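What follows is a single structure, written as structure tokens, with notes after it.
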């Protein structure tokens, strides 16, 4: 996993194998954008006020999770893990082989 600021100094981007799986405002950490399985993304939005379509992202594949607005820590960690694993699974075999387990 790597961290970058490709969109300017205020947006922290997390990548696995060179692909983005999470991003957040480095100054406030008020929300985090996470990649999500499309069907699950819709289910999460319907079930929770703090899960919204991904801000400035592909709304089918990304959710914005409002931190401090009700998302339990355990669920937030699980959503981050889901995003990481979803992106990691999509990487080419050669790239996966270079990643630490």
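Numbering (my numbering), first residue to last: 1100 to 1200. All C-beta atoms, glycine included, are put in the ideal place defined by N, C-alpha and C. Quantities reported herein were computed from a predicted structural model and do not represent experimental measurements.
Assign residue 1191 to one of three DSSP states: helix, strand, or coil. coil
Could you tell me whether the stretch 1134-1145 touches the stretch 1178-1193, where touching means 3 or more Cβ pairs closer than 8 Å? yes
Short Cβ contact (8 Å threshold) for residue 1143 with residue 1125: no
When burial is assigned at 16 or more other CB atoms within 10 Å of the CB, is residue 1173 buried or exposed? exposed
Secondary structure of residue 1129, DSSP reduced to three states: coil
Please say whether residue 1189 and residue 1163 have beta carbons closer to each other than 8 Å? no
Buried or exposed: where does residue 1140 fall if 16 or more other Cβ atoms within 10 Å of its Cβ makes it buried? buried
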